[in-house]
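Novice:
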Amino acid sequence: MTQTSKLSLTVNGAAVPDIFVDELRPADLNSDLAQQLGDKGYLLLRHVHDPVEVDAARKEVLHRLAEVGEVSDPVESGLASGLSRRRDIYPTTEDLGAFWQSVSEGKAVRSVINGPRITRVMSTLFQEPAQHFSFAWLRAMTAGRASPLHVDHPYMNRGSKRLVTCWSPLCRISLSDGPLFILEGSHNWPDIRQQFEGHDVDHDSSRPGHIEESPITLTQRKASRFLTTEFDLGDCLIFGMFTVHGSFDNNSANGLIRLSCDTRFQPAADPMDDRFAGPDPAAHNGLGYGCLSASRPLTEAGVLR
Ligand SMILES: O=C(O)CCC(=O)C(=O)O
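Spelled out as structure tokens, the structure:
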């Protein structure tokens, strides 16, 4: 990474010192994926999706956001207008959820995130047929926003123990646009596992699902590093349920809407968390897609999920 690019990285508004940042290394598709995932806590796969299909998904999402007035012309540049008619058109949480479900289930989006290319990689990873949740976490992050530090386990732990997250950028994401990061070695941190294992955010709302310690403090305390990279169309990042991750702040100077989607895969033979399965997944608190901050207007600040 170049010195200048690193300087644009902030979390919760705080500059991340260069010494705490390193590059995510691409996985070797020709050697054992499960072993690499176990060793490093993540798999960065370059060009696993078809970049042309990812670009089609990007445009599909942007045109849906433009319908509610949230994208400037030309729409396919992907810049936020700073305005929104979403809540006027979709006044209730249910309406907002139905809108976001329709965007998340767009044909072009699904042919990337649930398509045969990524499903093949997942079957190779599990060494048996893979299946995905029907629910998908499509995100549109405007400048100034970020995802908090967390592990995924407390949000989706009622099914397979072999569940993995697959995070796919749906636009090019430079270091200043709020890329995802993982904390190096965090999949092996016993205190994080102990704190979150068995915690279910829908059963116990008295405890947060995310990590309250500041990302920089935790990284320093663990002598860890923020691992990130610039993401291109076709890339994806796979990680397990105890890998600590979040996103840097979107500091895009021109207002780029950072688009990404996280999906979850597991061996098809394992039980599936029923909140996220089937044609109309109930998701968190039975709200369906209305549980996601992304279902709310881009002009409103929101919390994760
Ligand atoms: O895209 C983001 O900002 C967050 C993604 C995430 O938290 C996840 O993949 O679990």
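Everything in the sequence shown is counted per the working numbering, starting at 32 for the first residue and increasing by one. Using N, Cα and C, we set each Cβ at its ideal position, and we do this for glycine too.
1. Using C-beta distances below 6 Å, list every residue in its chain close to R176, excluding the 5 sequence neighbours before and after it, in chain order.
2. Alpha carbon to alpha carbon, how far is A129 from Q67?
3. Out of A171, H78, N61 and L76, point me to the one whose CA is closest to E331's CA.
4. Take the Cβ of T196 as the centre, count every other Cβ of all protein chains shown within 10 Å, and call the residue buried at 16 or more, exposed below.
5. Between the beta-carbon of W198 and the beta-carbon of S255, is there less than 8 Å?
6. For M187, is the beta carbon positioned less than 7 Å from some heavy atom of ligand 1?
7. Drop a sphere of 10 angstroms on the beta-carbon of S236, count the other beta-carbons inside from all chains shown, and report buried for 16 or more, exposed for fewer.
8. Would you call the segment 244 to 260 and the segment 149 to 162 in contact, with 3 or more CB pairs under 8 Å?
9. Just tell me which of E125, T123, D183 and R151 has its CA closest to the CA of V232.
10. Give the C-beta separation of L93 and V102 to the nearest angstrom, bearing in mind that I take them to be a contact with Cβ-Cβ under 8 Å.
11. From the DSSP output, in three-state form, read off R238 for me.
12. Report the residue ranges of all alpha helix (DSSP H) runs contained in full by the segment 41 to 87; include only those spanning at least 4 residues, in chain order.
13. Could you work out which residue in R77, D208, A45 and H181 is closest to R346 when comparing CA atoms only?
14. In chain order, what are the residue ranges of uninterrupted beta strand (DSSP E) at least 3 long that sit wholly in the segment 204 to 270?
15. Residue range of the beta strand (DSSP E) that A171 falls in?
16. Could you give the C-beta distance for T294 and N145, rounded to a whole number, given that I count them as a contact under 8 Å?
17. Taking the continuous alpha helix (DSSP H) assigned at G128, which residues delimit it?
18. Within the present structure, is the beta-carbon of L211 separated from the nearest heavy atom of ligand 2 by less than 7 Å?
19. So, are the CB atoms of T250 and L75 less than 8 Å apart?
20. In whole angstroms, give me the CA-to-CA distance for T123 and S135.
21. If we ignore side chains and look at the alpha-carbon of each, how far apart do F279 and G319 end up?
22. Is it true that the CB of G216 sits closer than 8 Å to the CB of G72?
Specialist: Put simply:
1. N281
2. It is roughly 38 Å from the alpha-carbon of A129 to the alpha-carbon of Q67.
3. A171
4. T196 should be labelled buried.
5. no
6. no
7. So S236 counts as exposed.
8. With the cut-off at 8 Å, the segment 244 to 260 and the segment 149 to 162 do not touch.
9. D183
10. 6 Å
11. coil
12. Within the segment 41 to 87, the complete alpha helix (DSSP H) runs of at least 4 residues are 64 to 71.
13. Only positions 32 to 336 of the chain appear in the structure, and residue 346 is not among them; the question remains open.
14. Within the segment 204 to 270, complete beta strand (DSSP E) segments of at least 3 residues are found at 211 to 214 and 257 to 259, given in chain order.
15. W168 to M172
16. 7 Å
17. T124 to S135
18. Absent from the structure shown: ligand 2. Ligands present: ligand 1.
19. no
20. 18 Å
21. 27 Å
22. yes
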